[in-house]
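Numbering (the working numbering), first residue to last: 1 to 180.
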């Protein structure tokens, strides 16, 4: 797309980048974006920068269309749901290195408090169950009871087992349990 481009919407629109058509009018293999889940909901899928979905099939009567989402999962949509032809802009946005903590701070500032992520062992004992001590170590098993109160539930909650799985996980699954 470019500045000043005319965008056409509807069933009679041409198959050109930027135009919006019902998905049953778009041929298989076409790359689309801003895809509606239900007709008229104004777009739910493939909206982030550089994302696109691909049409992989239509039903005989055109009532259903199958697409591949950016995650790789496949979804069946109503044939009257609309989609824009083409890819969303700014595809290489996440390839640029962040370089400094300030940029990362501004990225997360408008989201939620999940950055900076401070390790529990770096905290004081009043702040985290793993905190305190003369060296940064947990000092006890990280497995926690399912019935532990909130604030104590850190680490491996209700773990069936812990530690390195030696010999591969498939070997553990295939081996029958040996009783003594």
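Where is the CB? At the ideal position from N, CA and C, for every residue including glycine. These figures come from a predicted structure and were not determined experimentally.
- The segment 36 to 48 and the segment 109 to 125 do not touch, with fewer than three beta-carbon pairs separated by less than 8 Å.
- About 12 Å separates the beta carbon of residue 152 from that of residue 142, a gap too long to meet the 8 Å contact definition.
- Residue 93 carries a helical assignment under DSSP once its states are collapsed to helix, strand and coil.
- In this structure, DSSP gives residue 128 a state outside helix and strand, which the three-state scheme calls coil.
- Per DSSP, reduced to three states, the secondary structure at residue 122 is helical.
- In the DSSP annotation of this structure, the continuous segment of the beta strand (DSSP E) that includes residue 58 starts and ends at 53 to 58.
- Beta bridge pairing from DSSP links residue 84 with 20 and 33.
- Setting aside the 5 residues that flank it on each side, residue 84 is surrounded in the same chain by 20, 33 and 34, each with a C-beta closer than 6 Å to its C-beta; the list follows chain order.
- A residue is called buried when at least 16 other Cβ atoms come within 10 angstroms of its Cβ; residue 65 meets this threshold and is buried.
- Membership of residue 77 in the beta strand (DSSP E) is indicated by the continuous run 74 to 78.
- For residue 107, the secondary structure class from DSSP, reduced to helix, strand or coil, is helix.
- Residues 39 of the same chain have their beta carbon placed closer than 6 Å to that of residue 78, with the five preceding and five following residues left out of the count.
- When 81, 25 and 55 are compared, the shortest CA-CA separation from residue 73 is found for 55.
- By the Cβ neighbour-count rule, residue 149 is exposed, with fewer than 16 other Cβ atoms within 10 Å of its own.
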